Amino acid sequence: MSSTTVQKNTDGKVQSAGKPDAGTASAASVNGSKAGLSLFDSSLLMPAIVDAFKKLSPRTQLRSPVMFVVYVGSIITSMLYVQALMGQGEASPGFILAISVWLWFTVLFANFAEALAEGRSKAQAASLRALKQTVMAKKLATPKHGTTWLPAAATDLRKGDVVLVEANDVIPIDGEVIEGVATVDESAITGESAPVIRESGGDFSAVTGGTRVLSDWLVVRVTSNPGEAFIDRMIAMVEGAKRQKTPNEVALTILLVALTIIFLVVTVTLLPFSLFSVDAARAAGIASSPISITVLIALLVCLIPTTIGGLLSAIGVAGMSRMMQANVIATSGRAVEAAGDVDVLMLDKTGTITLGNRQASDFFPAPGVSLPQLADSAQLASLADETPEGRSIVIFAKQKYNLREREMSSLHATFVQFTAQTRMSGVDIGERVIRKGAADSVRKYVESLGRPFPAEVAKTVDDISRRGSTPLVVVDDGRIMGTVELKDIVKGGIKERFAELRRMGIKTIMITGDNKLTAAAIAAEAGVDDFLAEATPEDKLKLIRSHQGEGRLVAMTGDGTNDAPALAQADVAVAMASGTQAAKEAGNMVDLDSNPTKLLEIVEIGKQMLMTRGSLTTFSIANDIAKYFAIIPAAFVATYPQLKALDIMHLSSPSSAIMSAVIFNALIIVFLIPLALKGVKYRAIGASLLLRRNLLIYGVGGIFLPFVGIKLIDMVLSLLNLV
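Residue numbers (our numbering): 53 to 775.
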């Protein structure tokens with residue numbers, strides 16, 4: 053293939069003997085963009101501050117009913133301050149101004165949290181926009197290589213057009229290879245420097261606009277119109293500001309609105325009660341004054357769940373952003389949320405649970421043949437075999453029997469490549485002929501030479517097949533030397549990860565086309581809960597529907613057209629970027645790394661988002677308790693002196709108590725922004741244990757922290773004589 057020597061892996065990636073041309077990839081890599089963004093990156097802070105003020109428009113504030121109440125309260129207290137300056141105020145202008153300023157800060161801090169989360173998503177989208185280029189395509193009149201082509205702008209191409217893409221050409225738009233095979237640099241999309249093979253047919257035929265062909269040529273049929281390409285869809289997905297609220301977020305919003313309405317009604321009714329009590333006290337000759345509107349607004353803002361109300365949107369946007377940082381594009385926040393609720397994981401065996409390449413695990417010599425002799429012949433037959441299986445035989449012989457790799461040039465050998473007709477490969481060294489291959493093919497070969505096929509070797513072949521491995525028989529100058537066992541290697545650490553998922557109550561199911569005996573052996577070694585052997589597309593679909601019928605949420609990963617029906621049915625469907633167009637359209641997530649094990653990480657991110665939302669909701673509601681003890685005695689002690697008993701914090705004055713609670717209410721949003729953006733640390737523990745831990749840290753902690761915070765603020769205000 054041109055000047056670049058490549059070797060194809062099971063995921064379509066290749067190892068290159070030459071250095072791939074990065075083309076436009078390095079600067080626009082999604083991986084590169086996410087790696088450079090710290091939590092409070094300087095390039096994000098200033099735009100977020102500006103956006104925080106832009107979001108002060110009533111239309112924007114209406115999207116969050118809780119913060120809209122704070123917004124209206126800020127406007128009212130600002131008007132009361134102007135009235136106080138004119139000598140008609142209900143309280144001192146300084147007190148009203150301080151309350152008004154901190155209410156505005158509360159709104160701005162909430163806006164800042166949302167703007168910062170959106171800014172991270174916009175920065176990622178900007179890096180994706182850099183991939184879009186003005187490319188001139190070679191449009192073919194006839195969909196075949198070698199025919200004439202005419203130049204055409206990529207923006208003029210339409211679905212169904214056919215283009216030719218040659219070495220060093222940029223693929224103009226998304227398409228499907230219908231002829232040819234070539235190496236493609238997709239690092240602009242995936243961040244992976246190794247080139248990949250794209251070829252017609254199979255699961256590696258999809259190509260993405262903006263990537264570059266490194267060698268050979270491809271004839272590509274366009275599969276999308278301008279503006280509908282993969283990069284365009286990615287940009288739209290990443291823009292967190294355009295995301296829709298998820299069902300859980302809608303339900304939580306309804307709860308927050310209900311709490312806000314309840315406290316609003318309670319607060320409004322306090323004014324006539326206060327006026328009535330003051331009139332009664334004055335009639336009895338007792339001096340008293342009614343509660344002010346400024347204090348009532350402060351009370352309302354502190355009692356409604358402003359903390360979670362101010363951070364709710366940021367949590368949702370940050371959840372999608374964290375998914376993007378894992379190089380996964382989620383079509384919506386709904387998909388991220390669903391990932392957190394998944395309780396059944398369906399994983400493909402090859403490339404997910406196993407390494408994807410069968411590797412040599414043992415040698416079984418024929419009668420009269422020693423193990424070193426078999427290892428020597430097997431290694432010689434595999435020296436030029438560039439498949440992962442062939443290389444594993446060479447390495448296994450070297451490691452186990454200390455057989456050094458021979459210099460191929462010094463052997464003066466002729467290497468015979470594997471073909472579908474012979475189903476054998478090997479080497480000719482002078483008159484010495486060494487071959488390895490499938491048992492049936494080797495049997496036919498030796499019998500054609502008039503040599504016997506030993507019964508002991510036939511039995512070994514059957515034993516290896518029954519335990520799910522692949523037997524390769526080696527023959528040297530017509531003599532059967534023995535059998536090499538190739539085995540699916542389960543990935544290291546995968547069993548422990550499945551154990552973590554089991555502790556979380558998630559069931560794992562391995563999907564494979566292998567026979568039941570092979571599937572059972574690998575399932576036991578990997579530690580999955582169940583498996584589906586000899587799986588067809590219909591079988592996958594039926595299994596997903598069966599679990600969904602039991603009320604379970606199912607996640608699945610896939611890359612082939614035959615996976616599309618199951619991906620469309622699954623609640624969380626992760627399609628590989630290297631997969632077919634049908635698979636990507638059926639999924640609600642796209643993994644840019646094309647790493648099937650990413651499904652485990654996706655579930656963790658989804659659960660982290662749900663945990664973050666739940667933890668901050670618990671904290672927001674819990675920290676209202678301290679505000680009751682701060683504001684209510686301060687607000688009503690003049691009318692009801694008995695309420696002085698509730699002042700357990702012994703705050704310096706009613707004005708200081710109210711001010712301290714309002715300041716704490718605003719500042720706590722700032723301190724919780726990092727937690728909202730980064731998320732609560734994920735731990736693979738059961739739901740009941742997680743609930744107890746949540747209540748202990750964010751429930752009990754949410755009760756005690758405001759007592760400490762409000763008291764400290766009160767001490768500072770008193771020390772500085774600000775109230």
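All residues carry an ideal CB built from backbone N, CA and C; glycine is no exception. Since the structure is predicted, the reported quantities are computational estimates derived from the model, not experimental observations.
Would you kindly check if the distance between the Cβ of residue j and the Cβ of residue i is under 8 Å?
i    : j    : result
A433 : G478 : yes
P523 : V513 : yes
V265 : V248 : no
K547 : G520 : no
V468 : D480 : yes
I710 : V320 : no
M562 : I405 : yes
K539 : Q411 : yes
V765 : S707 : Looking at the sequence itself, residue 765 is Ile, so the reference to Val does not match. No; because the gap between Cβ atoms is not below 8 Å, this pair is not in contact.
I596 : A618 : yes
L668 : A728 : yes
V380 : E170 : no
A189 : E228 : no
K401 : T564 : yes
Measuring straight from C-alpha to C-alpha, what distance separates residue i and residue j?
i    : j    : result
G502 : F470 : 23 Å
A635 : V624 : 13 Å
A607 : K107 : 37 Å
A193 : T263 : 23 Å
I574 : V271 : 40 Å
G666 : S646 : 31 Å
A387 : V309 : 25 Å
P417 : L426 : 6 Å
D73  : V222 : The pLDDT assigned to D73 is 36, lower than 50, so where the model puts this residue is not dependable; a value taken from the coordinates is nonetheless given after this. C-alpha separation (whole angstroms): 12 Å.
M767 : S329 : 31 Å
D643 : R374 : 13 Å
P440 : S276 : 35 Å
I683 : A697 : 13 Å
K174 : A205 : 28 Å
L605 : F583 : 17 Å
I225 : P589 : 29 Å
L455 : E508 : 26 Å
For residue i, does the three-state DSSP call read helix, strand or coil?
i    : result
V580 : coil
R735 : coil
T560 : strand
P706 : helix
L524 : strand
Q411 : strand
A782 : Here the chain has residues from 53 to 775 only, and residue 782 is not among them.
A87  : Residue placement at A87 is flagged as unreliable, the pLDDT there being 39, under the threshold of 50; the coordinate-derived value follows with that caveat. A87 falls in the helix class under three-state DSSP.
S477 : strand
D213 : coil
P604 : For clarity, residue 604 is Arg in the given sequence; the question names Pro instead. R604: coil per DSSP, three-state reduction.
T609 : strand
If you drop the 5 nearest sequence neighbours on each side, which residues of the same chain put their C-beta closer than 7 Å to that of residue i?
i    : result
V122 : L155, T158, V159, V353 and T358
V421 : M533 and G534
L569 : R518 and G520
G754 : T670, F671, A674 and N675
Let me make sure I understand the geometry here. Which of the options has the alpha-carbon closest to that of residue i?
i    : options                   : result
V274 : I230, L311 and T263       : I230
N220 : E537, W201, G198 and D268 : D268
L316 : T609, V494, F688 and P117 : P117
S672 : G361, F147, F415 and V526 : G361
L747 : L764, A189 and N675       : N675
T199 : K211, L209, R210 and V215 : V215
G761 : S770, I715, V722 and L743 : I715
S740 : L769, M663 and D699       : M663
F256 : I721, L619, I677 and N614 : N614
I657 : L304, G371 and I700       : G371
A686 : E251, P342 and I128       : P342
H599 : Q621, L771 and E586       : Q621
V187 : A169, E170, G261 and Q140 : G261
K679 : A465, K763 and G146       : K763
R531 : G557, S500 and F550       : S500
If I measure Cβ to Cβ from residue i and keep anything under 6 Å in the same chain, skipping five residues before and after, which residues do I get?
i    : result
F164 : A100 and A104
E577 : V542
V655 : A391 and V394
K23  : Residue 23 is absent from the structure shown; the chain starts at 53 and stops at 775.
R210 : N277
A167 : A100, D103 and A104
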